[in-house]
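Chemist: Please find one structure pasted underneath; my questions will follow.
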């Protein structure tokens, strides 16, 4: 990724595997080890972070291409994408303030080239992604798997061990 100024690590899986659930468990574990984490999440759905009737929504509806909301607590930038197209991770990294972060975790963007941990739940009956994705460095599964030797196999139900892998294997090798 050309616009990555810090390490980025993705989590790739089919819908319903638990990517967001795992990330909500990993973030506090990594934060407790002193990391400042950023998240980029790909959505296949149209979404609104703004609410009808609010000033910022009205300004965007009036035609503003970009609106920034800022308070002493947080900042949000809403930018219209025109023409509508699937976002590319590297383009999102260009817009993402990485200056105060140590690591960016990415949910989705599974077709793009960057290091990823694949999540796999046998009960979903979905195929493994790693045979078609050379950027998968580990698999977190809820059941034992036979995989290639170059992959680290992690227990999907042990976020503490996944956090340890990120800290001790992924971050240390950079």
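In the numbering used here, the protein residues as written are 3 to 176. For every residue, glycine included, the Cβ atom is placed at its ideal position computed from N, Cα and C.
Taking 7 Å as the threshold (C-beta atoms), are residue 126 and residue 141 in contact?
Modeler: No, Cβ-Cβ distance for residue 141 and residue 126 is not below 7 Å.
Chemist: If I follow the unbroken beta strand (DSSP E) through residue 43, where does it start and stop?
Modeler: First-last of the beta strand (DSSP E) with residue 43: 39 to 43.
Chemist: Just the Cα atoms here: how many angstroms apart are residue 136 and residue 115?
Modeler: If you take the alpha carbons of residue 136 and residue 115, they lie about 8 Å apart.
Chemist: If I measure Cβ to Cβ from residue 62 and keep anything under 8 Å in the same chain, skipping five residues before and after, which residues do I get?
Modeler: Here the set comprises 52, 69, 80 and 82.
Chemist: By a C-beta neighbour count over all protein chains shown, 10 Å radius and 16 as the cutoff for buried, is residue 55 buried or exposed?
Modeler: Under this definition residue 55 is an exposed residue.
Chemist: Let's test the definition: count the other Cβ atoms within 10 Å of the Cβ of residue 155 and tell me whether it reaches 16, buried, or not, exposed.
Modeler: The residue is exposed, with fewer than 16 neighbouring Cβ atoms inside 10 Å.
Chemist: To the nearest angstrom, report how far apart residue 10 and residue 41 are at their CA atoms.
Modeler: Cα-Cα distance, rounded: 9 Å.
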